[in-house]
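These notes concern the structure reproduced below.
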Amino acid sequence: MQPTSELVRPELKAKTFRCMGTVVSLTVPLGPEDWTADAEAALAEAAGVVEQRFGELDARFSLYRPGSEASRLAAGELSLREASQELRDCYADAAEWRLQTEGAFTPERPDGVPDLSGLVKGLAIKEAGALLQSRGLADWCLNAGGDVLVAGSPIVGSRAAWQVGVVDPQDRTTLIAAYPLGGSTGIGALATSGSAERGDHIWTRGSGVSEFSQVSVAAADILTADVLATAIVAGGVRMLNRATSGWDVEVLAIRTDGGILATPGFRA
1023 MQPTSELVRP
1033 ELKAKTFRCM
1043 GTVVSLTVPL
1053 GPEDWTADAE
1063 AALAEAAGVV
1073 EQRFGELDAR
1083 FSLYRPGSEA
1093 SRLAAGELSL
1103 REASQELRDC
1113 YADAAEWRLQ
1123 TEGAFTPERP
1133 DGVPDLSGLV
1143 KGLAIKEAGA
1153 LLQSRGLADW
1163 CLNAGGDVLV
1173 AGSPIVGSRA
1183 AWQVGVVDPQ
1193 DRTTLIAAYP
1203 LGGSTGIGAL
1213 ATSGSAERGD
1223 HIWTRGSGVS
1233 EFSQVSVAAA
1243 DILTADVLAT
1253 AIVAGGVRML
1263 NRATSGWDVE
1273 VLAIRTDGGI
1283 LATPGFRA
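Each residue of the sequence shown is one higher than the one before, starting from 1023 at the first, in the working numbering.
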């Protein structure tokens, strides 16, 4: 990393929109002299592409839209065999994750209704990131309700990492940890599951009472981070141990009694 005195201090510019029941933001750094009308237009165009892809996936997979393909599938108006290739591929991916997590992550609700919302937001972030890279953007942070994918650095001319905060589930105005993503490692992701952002929306196994109120997972890709965060909330300490032994991830898990379990990357 360059000495701080040699760095061009960042101007972080962001565009936001609402989708999938949360706020999505795209943030990019530029040196003060680089922030021109053309740069502003480029950011707006990139954010528009991201918003379009989020909207397309939400229109297909949202169970809150009566006419969506997912709603028709849940209502029995459409069979999985009759569904689009995109929906069938997503369901197949979710079913594979169910096997890998021994059922802690599942593509169905407890009543058997297909629900792919546990995968779709991560998929939207992943695909939006690929779109940003295809447009030659090297430094950016994409945040969808606390699930974050970054590339590069927040400081122009630097290899410094983005610092991603983890909110206290008991007080959303307080951060309990920060985790470095991107920088010299390039792409990085962190996802958080629990009740802080959207209320209770994860089904747990066994007693139905989760051992964790919130779980954050850092990984090289957002889908792995997102799925495992959800699976650990649902599967408890057993799934936490399985995740940390089976995947290259770092985990910060908040117990319902306020206790914290953290892997070395978060303790550092």
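Quick reminder that beta carbons are idealized off the backbone N, C-alpha and C, glycines included.
I'd like to check one pair, residue j with residue i: are the Cβ atoms closer than 8 Å?
i: Ala1081; j: Leu1095; result: no
i: Ala1256; j: Phe1083; result: no
i: Phe1076; j: Ala1183; result: no
i: Val1273; j: Val1237; result: yes
i: Val1239; j: Leu1283; result: no
i: Ile1276; j: Ser1235; result: yes
i: Thr1285; j: Thr1266; result: yes
With residue i and residue j assumed to form a contact (beta carbons below 8 Å), what rounded beta-carbon distance in angstroms separates them?
i: Ala1069; j: Leu1052; result: Contact doesn't hold; Cβ gap of about 14 Å is too wide.
i: Asp1169; j: Thr1214; result: 7 Å
i: Leu1079; j: Ala1146; result: 5 Å
i: Thr1310; j: Gly1167; result: Residue numbering for the chain in the displayed model covers 1023 to 1290; residue 1310 lies beyond these limits and cannot be assessed.
i: Leu1153; j: Trp1162; result: Actually they are not in contact, since the Cβ atoms of Leu1153 and Trp1162 sit about 11 Å apart, beyond 8 Å.
i: Leu1121; j: Arg1110; result: Incorrect: roughly 17 Å between the Cβ atoms, too far for contact.
i: Tyr1113; j: Pro1136; result: 7 Å
Can you name the residues that DSSP bridges to residue i?
i: Arg1236; result: Before going further, note that residue 1236 is Gln rather than Arg in the sequence given. Note: Gln1236 sits in a beta bridge opposite Gly1216 and Ile1276.
i: Gln1185; result: Pro1202
i: Phe1039; result: Val1046
i: Pro1051; result: Leu1034
i: Leu1262; result: BP columns for Leu1262 are empty, so no partner.
i: Ile1147; result: Partner(s): none; Ile1147 has no beta bridge.
i: Val1170; result: Asn1165 and Leu1212
i: Leu1283; result: Ala1275
i: Pro1136; result: Glu1130
Excluding the 5 residues preceding and the 5 following residue i in the sequence, name in chain order all residues of the same chain whose CB lies nearer than 6 Å to its CB.
i: Gly1140; result: Thr1252
i: Ser1206; result: Arg1181
Excluding sequence positions up to five away, which residues of its chain have a Cβ less than 8 Å from the Cβ of residue i?
i: Ala1200; result: Gln1185, Val1186, Gly1187 and Val1188
i: Ala1116; result: Phe1127, Thr1128, Pro1129, Leu1138, Gly1140 and Leu1141
i: Glu1124; result: Gly1257, Met1261 and Arg1264
i: Gly1208; result: Ala1173 and Gly1174
Suppose you measure from the CA of residue i to the CA of residue j; what does that come to, to the nearest Å?
i: Leu1262; j: Val1072; result: 32 Å
i: Ile1198; j: Asp1190; result: 5 Å
i: Asn1165; j: Val1046; result: 6 Å
i: Gly1144; j: Asp1243; result: 9 Å
i: Ala1160; j: Met1042; result: 26 Å
i: Ala1092; j: Ile1254; result: 25 Å
i: Ala1241; j: Trp1119; result: 16 Å
i: Gly1280; j: Arg1289; result: 16 Å
i: Thr1196; j: Gly1287; result: 20 Å
i: Arg1061; j: Leu1034; result: Per the sequence shown, the amino acid found at residue 1061 is Ala instead of Arg. Looking at the two C-alpha atoms, the distance is approximately 12 Å.
Excluding sequence positions up to five away, which residues of its chain have a Cβ less than 7 Å from the Cβ of residue i?
i: Gly1204; result: Val1172, Ala1173, Gly1174, Ser1175, Ala1183, Trp1184 and Gly1210
i: Ala1036; result: Ser1047, Leu1048 and Thr1049
i: Glu1233; result: Gly1258, Val1259, Arg1277 and Thr1278
i: Ser1090; result: Ala1081, Arg1082, Phe1083 and Ser1084
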